[in-house]
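K.L.:
Position 178 (the sequence shown) corresponds to 186 in the working numbering; numbering is contiguous.
Here a beta-carbon is modelled for each residue, glycine too, at the ideal position from N, C-alpha and C.
None of these values were measured; they are calculated from a predicted model.
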Amino acid sequence: MDRLSNPNGNVPLGDDSGNLTERNDEPPPTKSQCMDKFVEMVPNWSEELLGFNQGTLAVLIGLILLVFITRLIAVMTIPNMFNNLCDKSPVAEIAIHGSSKALGTAVGAGIMWRSALALADGSAAVMPSTVEFWLPSIAQVVMLIAIIAWALRLTVCVQAVVEYWDDDDELDGAERTLIGAVESVMRFCIVVFGSIFIADALNFDLTTMVAGLGITGLALALAAKDSIANVFGAVTVLLDRPFRVGDWVLISGSEGEVINISLRTTLLRTSLDTVVTIPNANLTNKPIENFGKRRWRRYQPVISLDLDSDPDAVQNFTSGVGDLIRTDENTMKEDASWAKVSAISKDSIEISCNIYWDVNGGADERDARQLFLLNVARLAKENGIAFYEPRVRNQRTLN
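Encoded structure:
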């Protein structure tokens, strides 16, 4: 018995008893055939309603329910998969919980997209031509938009990953600057490639679009020259590193703390708690004064004493202030650090101080000033010295 004598294409095989059996070489059913079986399982599936047959309507309703169930499962399970990262970083917890809805929507829309294609390719489904054409495209676009939203929300996880692997559990300025740059580049790439995929899903001719860019490229370059200059400015900042996140800088008359460096702009938080937005293009041709790179901090307070203070007590007090300056662990340039009587006015005796401190930031400098001034107040009390107070002085004059 050969294959030609077997119209079904089944190959005869021998079993242990010598009898011939047949092996089924039929291919597995396609997705379209599976969808046809689902349609035909519906009672009275061939009866038409609103341009659909009842089997197609039932399958579409089932797919919509499946999309919602899939989205719900994704929202409930995805955060549990990243418990360690969420426990380590609140930023990651917010990002993952916020992005799980978008990812669930993407998975559900993807199921709808592939199922709608298989349903439209089948022979049992009946639906209006408009629905048959647009349903897969709309589902694909929704899936792509959800994936883009999910990816954009996850960009903040760059900070969470750095925090997770950071040994000292505290991000310095260089790390925060790098995080901001990586997040900006990731967002840019996600939007660009996502737009290309969406255009393809809507059946735009990408070849024609790319060819058209050659014609309109000059116009786009002229229109986007400021944006391009901002991008190059950001690259310059990241390579030359004139400042980093956390530094206190003065740029074009705007002074404040650098809080973010993106591809287009740099944000400063001023002392008035306002935010100044500076285009990165301005950073390449403007002087930048970075207070965060100072090797030391200079402090020049003037201490005003009451004019009736005893000169010997003032001398002892001044010597004591000088000792406070020189013995301070933060003091550097001891030869240039001093405290001396600089003037005697009609109302007060003035002692000028010149101090150089080796402190890292503004908070450390404020702490050093506070400690110094409180020690000065204690020293004045020990020497019986009174500080100049205009009201007390005027009252003495009247008496």
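1. At which residues does the beta strand (DSSP E) containing Leu258 begin and terminate?
2. To the nearest angstrom, how far is the alpha carbon of Gly369 from that of Arg305?
3. Could you tell me the distance, in whole angstroms, from the CA atom of Leu160 to the CA atom of Asn88?
4. Looking only at its chain, what residues have a beta carbon closer than 7 Å to the beta carbon of Ile77, apart from the 5 residues adjacent to it on each side?
5. What span of residues does the alpha helix (DSSP H) with Ile393 cover, start to end?
6. Tell me the rounded alpha-carbon separation between Glu397 and Arg195.
7. Look at the alpha carbon of Gly188 and the alpha carbon of Tyr364, and state the distance between them as a whole number of angstroms.
8. Quick check on the burial criterion: 16 or more other C-beta atoms within 10 angstroms. Buried or exposed for Asn293?
9. Mind listing, in chain order, the continuous alpha helix (DSSP H) runs of no fewer than 4 residues lying wholly within the region 287-347?
10. Consult DSSP for Glu397 and reduce its assignment to one of helix, strand or coil.
11. Here's a check: name, in chain order, each residue in its chain whose Cβ is nearer than 8 Å to the Cβ of Met49, leaving out the five neighbours to either side.
12. Output yes or no for whether 8 Å exceeds the beta carbon distance between Thr285 and Leu271.
13. Determine contact between the region 313-333 and the region 277-291, defined as no fewer than three beta-carbon pairs at a distance below 8 Å.
14. Comparing C-alpha positions only, which one of Asn290, Gly261, Leu125, Ala133 sits nearest to Ala209?
15. Excluding five sequence neighbours on each side, which residues of the same chain lie with their C-beta closer than 7 Å to the C-beta of Ala114?
16. My output table needs one value for Ala351: the three-state DSSP class, helix, strand or coil.
17. Check whether the Cβ atoms of Phe395 and Leu313 sit closer than 8 Å, and answer yes or no.
18. Measuring straight from C-alpha to C-alpha, what distance separates Asn391 and Ala321?
19. Could you tell me the alpha carbon to alpha carbon distance between Ala371 and Ile119, rounded to whole angstroms?
20. Answer with buried or exposed for Gly59, where buried requires no fewer than 16 other C-beta atoms within 10 angstroms of its C-beta.
21. Do Leu111 and Ala82 have their C-beta atoms closer together than 8 Å?
22. DSSP puts Thr285 in a beta bridge; with which residues?
23. Does any C-beta atom of chain B lie closer than 8 Å to the C-beta of Ala82?
24. Quick one: residues in its chain with C-beta nearer than 6 Å to the C-beta of Asn268, no 5 flanking neighbours on either side, listed in chain order?
25. So, for Ala388: in the same chain, excluding its five sequence neighbours on each side, which residues have a beta-carbon less than 7 Å away from its beta-carbon?
26. Per DSSP, what are the beta-bridge partners of Val266 in this structure?
27. Give me the Cα-Cα distance between Ile393 and Glu297, rounded to the nearest whole angstrom.
28. Measuring straight from C-alpha to C-alpha, what distance separates Asp255 and Leu246?
29. At which residues does the beta strand (DSSP E) containing Trp365 begin and terminate?
30. Quick check: what's the CA-CA separation for Leu258 versus Gly264?
31. Take Gly261 and list the residues in its own chain whose beta-carbon comes closer than 8 Å to its own, dropping the five residues that flank it on each side.
32. Quick one: residues in its chain with C-beta nearer than 7 Å to the C-beta of Ile357, no 5 flanking neighbours on either side, listed in chain order?
33. Under 7 Å Cβ to Cβ from Val190, same chain only, skipping five residues before and after it: list those, please.
34. So, is Asp375 buried or exposed, given that buried needs 16 or more other C-beta atoms within 10 angstroms?
35. Round the Cβ separation of Lys47 and Val75 to the nearest angstrom and send it over; I've been treating them as touching at under 8 Å.
36. Is the beta carbon of Leu57 within less than 7 Å of some heavy atom of the ligand MG?
P.N.:
Let me lay it out:
1. The count along the sequence shown starts at 1 and reaches residue 258 at position 250. Residues 256-259.
2. Here residue 369 corresponds to residue number 361 of the sequence shown, with the count starting at 1. Here residue 305 corresponds to residue number 297 of the sequence shown, with the count starting at 1. Between Gly369 and Arg305, the C-alpha separation is close to 9 Å.
3. Residue 160 sits at position 152 when you count from the first residue of the sequence shown. Residue 88 sits at position 80 when you count from the first residue of the sequence shown. Taking the straight line joining both Cα atoms gives about 20 Å.
4. One-based indexing of the sequence shown puts residue 77 at position 69. Excluding positions up to five away in sequence, the list is empty.
5. Walking along the sequence shown from the start, residue 393 turns up at place 385. No alpha helix (DSSP H) contains Ile393, which DSSP labels as neither H nor E.
6. Taking the first residue of the sequence shown as 1, we reach residue 397 at position 389. Taking the first residue of the sequence shown as 1, we reach residue 195 at position 187. Looking at the two C-alpha atoms, the distance is approximately 59 Å.
7. Walking along the sequence shown from the start, residue 188 turns up at place 180. Walking along the sequence shown from the start, residue 364 turns up at place 356. Distance between the alpha carbons of Gly188 and Tyr364 is about 34 Å.
8. What you label residue 293 is simply residue 285 of the sequence shown in a count that begins at 1. Its Cβ having fewer than 16 others within 10 Å, Asn293 is exposed.
9. 319-335
10. As a working note, residue 397 is residue 389 in the sequence shown. In this structure, Glu397 counts as coil in the three-state DSSP scheme.
11. Counted from its first residue, the sequence shown places residue 49 at position 41. Counting only Cβ-Cβ distances below 8 Å, and skipping sequence neighbours, we find Gly63.
12. Position 277 of the sequence shown, counted from the first residue, corresponds to residue 285. Position 263 of the sequence shown, counted from the first residue, corresponds to residue 271. Not closer than 8 Å, so no.
13. no
14. Counting from one through the sequence shown, the residue named residue 209 turns up at place 201. Nearest option by C-alpha distance: Leu125.
15. In the sequence shown, residue 114 corresponds to position 106, counting from 1. Counting only Cβ-Cβ distances below 7 Å, and skipping sequence neighbours, we find Met151, Ala154, Ile155, Trp158.
16. As a position in the sequence shown, residue 351 is number 343, starting the count at 1. Three-state DSSP puts Ala351 in a strand.
17. Within the sequence shown, residue 395 is the residue found at index 387, counting from 1. Within the sequence shown, residue 313 is the residue found at index 305, counting from 1. Yes, they are a contact pair.
18. Residue numbering aside, residue 391 sits at position 383 when the sequence shown is read from its first letter. Residue numbering aside, residue 321 sits at position 313 when the sequence shown is read from its first letter. Rounded to the nearest angstrom, the two C-alpha atoms are 6 Å apart.
19. Counted from its first residue, the sequence shown places residue 371 at position 363. Counted from its first residue, the sequence shown places residue 119 at position 111. Rounded to whole angstroms, Ala371 to Ile119 spans 55 Å at the Cα level.
20. Working through the sequence shown from its first residue, we reach residue 59 at position 51. Exposed is the call here.
21. Translated into the one-based positions of the sequence shown, residue 111 becomes position 103. Translated into the one-based positions of the sequence shown, residue 82 becomes position 74. Taking 8 Å as the Cβ cut-off, Leu111 and Ala82 qualify as a contacting pair.
22. Locating residue 285 in the sequence shown gives position 277, counting from the first residue. Thr285 is bridged to Leu275.
23. Reference to chain B is not applicable here, since this structure consists of a single protein chain.
24. The count along the sequence shown starts at 1 and reaches residue 268 at position 260. Excluding positions up to five away in sequence, the list reads Gly188, Leu275.
25. Start at 1 with the first residue of the sequence shown, and residue 388 comes out as number 380. Once the five neighbours on either side are set aside, the close Cβ partners of Ala388 are Phe325, Phe395.
26. As a working mapping, residue 266 is identified with position 258 in the sequence shown. Leu276, per the DSSP bridge assignment.
27. Counting from one through the sequence shown, the residue named residue 393 turns up at place 385. Counting from one through the sequence shown, the residue named residue 297 turns up at place 289. Distance between the alpha carbons of Ile393 and Glu297 is about 41 Å.
28. Here the question's residue 255 lines up with position 247 in the sequence shown. Here the question's residue 246 lines up with position 238 in the sequence shown. Spanning the two alpha carbons is a distance of roughly 14 Å.
29. Within the sequence shown, numbered from 1, the residue matching residue 365 stands at position 357. Its beta strand (DSSP E) spans residues 356-365.
30. What you label residue 258 is simply residue 250 of the sequence shown in a count that begins at 1. What you label residue 264 is simply residue 256 of the sequence shown in a count that begins at 1. Looking at the two C-alpha atoms, the distance is approximately 7 Å.
31. If you number the sequence shown from 1, residue 261 lands on position 253. Nothing meets the Cβ criterion.
32. Within the sequence shown, numbered from 1, the residue matching residue 357 stands at position 349. The answer, listed in chain order, is Leu313, Leu315, Ser317, Val322, Val349.
33. Start at 1 with the first residue of the sequence shown, and residue 190 comes out as number 182. Closer than 7 Å at Cβ, skipping near neighbours: Val166.
34. Mapped onto the sequence shown, residue 375 falls at position 367. The residue is exposed, with fewer than 16 neighbouring Cβ atoms inside 10 Å.
35. Along the sequence shown, one-based indexing puts residue 47 at 39. Along the sequence shown, one-based indexing puts residue 75 at 67. Checking the displayed sequence, the identity of residue 47 turns out to be Val instead of Lys. Between Val75 and Val47 the Cβ distance is about 18 Å, and since that is not below 8 Å, they are no contact.
36. This structure lacks the ligand MG, and indeed carries no ligand of any kind.
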